[in-house]
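S.K.: Questions regarding the structure given below will be posed in turn.
Number of protein chains: 2
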Amino acid sequence: MTMPSETAVKTWINLARAYGTAMTEINEALAANGLPPLIWYDILLELERAGDDGLRPYELEHALLLKQYRVSRLVDRIARDGYLRRQSCDDDRRGKRLVITDEGRALRRSMWQIYGAKIHALVGHKLSDAQSRKLAALLAELTG
Amino acid sequence: MTMPSETAVKTWINLARAYGTAMTEINEALAANGLPPLIWYDILLELERAGDDGLRPYELEHALLLKQYRVSRLVDRIARDGYLRRQSCDDDRRGKRLVITDEGRALRRSMWQIYGAKIHALVGHKLSDAQSRKLAALLAELTG
DNA sequence: TCCTTTTAGATGCAATTGCATGTAAATATG
DNA sequence: CATATTTACATGCAATTGCATCTAAAAGGA
Chain A
1 MTMPSETAVK TWINLARAYG TAMTEINEAL AANGLPPLIW YDILLELERA GDDGLRPYEL
61 EHALLLKQYR VSRLVDRIAR DGYLRRQSCD DDRRGKRLVI TDEGRALRRS MWQIYGAKIH
121 ALVGHKLSDA QSRKLAALLA ELTG
Chain B
1001 MTMPSETAVK TWINLARAYG TAMTEINEAL AANGLPPLIW YDILLELERA GDDGLRPYEL
1061 EHALLLKQYR VSRLVDRIAR DGYLRRQSCD DDRRGKRLVI TDEGRALRRS MWQIYGAKIH
1121 ALVGHKLSDA QSRKLAALLA ELTG
């Protein structure tokens, strides 16, 4: 149970603050434009990248580090609003395949207008490209 | 509506991932030890630092960037469990003063055993002191 | 094959969050 | 002073999350 250095604490505090303020701004901007929360974007992007076969819910769960029940509920709502459809799965009758719809692709693009602009304003605009690369590399060390 | 560079996007993704995985680990470790969520720690720490006069709810709101109603409910629960008390406020009869109790100080220390160890494992242990300082400085650029 | 274990996903119910609004006191304005 | 506005905090209600559990199907073993 080694306790952290002052430096480590300061770094963690700054990380939490940077993430929290950015995420709040992003979600507020999405809501202000009548768009759903950011997690919908992440899901739609994964499905769009997955192509015509879509993804299984458990694949989404692992890709986005979400709890199983949360995927289940989010997928419910996104499907209810017509942005994805659940296909039955040939080779595993327990499972579903989640496939993005045209409306889903359009929603993802709409969300990107807001989200992308915020990433630019909150990250791209505040650091040089070199600083940003350095920051990305240091953050990658934490995850790895 | 300038769109972000690839670098900025990569940096934001890494930031979100680093925060998300760390926060999940911290809250899971707290829960595994029968302790409340991290936000209780933040509140108790603010109150402990504030000293005998405590803080007004709106001060907590600003210090921790929380919504007013969320402060109200969190304070309810923390008070219900005896970790803070609400004093009436002499100079403003609308207001309350929130003061940490001895039990609250003890809880904060218990939480720190877990939280601090995680900060060390997740940040301190993965970067040199110089890298950590660099990371803290770059993150501070984002907030400022 | 029959039985046990594991995996995929859904869901009932409690706790928490978010939104909108309410109440009361402080402050500003005429 | 009288009235309007703002500030501090609480709360009813809907949406979301978290936990535990359930069903069904797949996989593994005797």
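Which chain is which? The protein sequence lines are A and B, in order. Counting from 1, position 50 in the first sequence corresponds to residue 50 in our numbering; the numbering is continuous, with no gaps. Counting from 1, position 138 in the second sequence corresponds to residue 1138 in our numbering; the numbering is continuous, with no gaps. No residue lacks a Cβ here, since even glycine has one placed at the ideal position from N, Cα and C.
1. Would you say the region 25-36 of chain A touches the region 4-15 of chain A, given that touching needs at least three Cβ pairs under 8 Å?
2. Considering just the uninterrupted stretch of the beta strand (DSSP E) at Leu84/A, what are its terminal residues?
3. Taking Cβ positions, are Leu55/A and Leu98/A nearer each other than 8 Å?
4. For Ile1119/B and chain A, any beta-carbon pair shorter than 8 Å?
5. Alpha carbon to alpha carbon, what distance is there between Gly1082/B and Ser1110/B?
6. Counting C-beta neighbours from all protein chains within 10 Å, is the total for Asp102/A 16 or more, i.e. buried, or is it exposed?
7. Note down, in chain order, every chain B residue with its Cβ under 8 Å from the Cβ of Met111/A.
8. First and last residue of the alpha helix (DSSP H) that includes Lys67/A?
9. How is Leu55/A classed by DSSP in three states: helix, strand or coil?
10. What's the gap between the Cα of Asp90/A and the Cα of Pro57/A?
11. In chain order, which beta strand (DSSP E) runs of at least 3 residues are fully inside the region 1079-1139 of chain B?
12. Do you know whose CA, among Ile26/A, Thr7/A, Val71/A, Thr2/A, lies nearest Lys118/A's CA?
13. Are the beta-carbon atoms of Leu44/A and Tyr115/A separated by less than 8 Å?
14. Nearest to Leu1139/B by CA position, among Asp53/A, Pro4/A, Ala8/A, Thr2/A, is which residue?
15. Closer than 6 Å by C-beta to Gly104/A: which residues in its own chain qualify, once you throw out the five before and the five after it? Chain order, please.
16. Please classify Arg1108/B as buried or exposed, where buried requires at least 16 other C-beta atoms within 10 Å of its C-beta.
17. Less than 8 Å between the beta carbons of Asp1042/B and Leu1064/B, yes or no?
18. Between Leu142/A and Ala1018/B, how many whole angstroms is the CB-CB distance? I'm expecting something under 8 Å.
M.R.: According to the structure shown:
1. By the Cβ rule, the region 25-36 of chain A does not count as touching the region 4-15 of chain A, because fewer than three pairs are nearer than 8 Å.
2. Taken as a continuous stretch (DSSP letters only), the beta strand (DSSP E) holding Leu84/A covers 84-88.
3. Going by C-beta atoms, Leu55/A is nearer than 8 Å to Leu98/A.
4. So yes, Ile1119/B belongs to the interface.
5. Taking the straight line from one Cα to the other gives about 15 Å.
6. Taking all protein chains in view, the Cβ of Asp102/A is surrounded by fewer than 16 other Cβ atoms within 10 Å, so the residue is classified as exposed.
7. Under a criterion of Cβ atoms nearer than 8 Å, no residue of chain B is adjacent to Met111/A; the nearest Cβ is some 13 Å distant.
8. Element bounds for Lys67/A: n/a, residue is neither H nor E.
9. Judged by DSSP in its simplified three-state form, Leu55/A adopts strand.
10. Going by the C-alpha atoms only, they are around 15 Å apart.
11. Taking only runs of at least 3 residues, the beta strand (DSSP E) segments lying wholly in the region 1079-1139 of chain B are 1084-1088, 1096-1100.
12. Minimum Cα distance to Lys118/A is reached at Ile26/A.
13. Against a cut-off of 8 Å, the Cβ pair of Tyr115/A and Leu44/A comes out as no contact.
14. Closest in alpha carbon position to Leu1139/B, among Asp53/A, Pro4/A, Ala8/A, Thr2/A, is Ala8/A.
15. Excluding residues up to 5 positions away in sequence, Leu44, Tyr83, Leu84 lie with their Cβ nearer than 6 Å to the Cβ of Gly104/A in the same chain.
16. Label assigned to Arg1108/B: buried.
17. Yes. Within cutoff.
18. At roughly 4 Å, the Cβ-Cβ gap stays under 8 Å, so Leu142/A and Ala1018/B are in contact.
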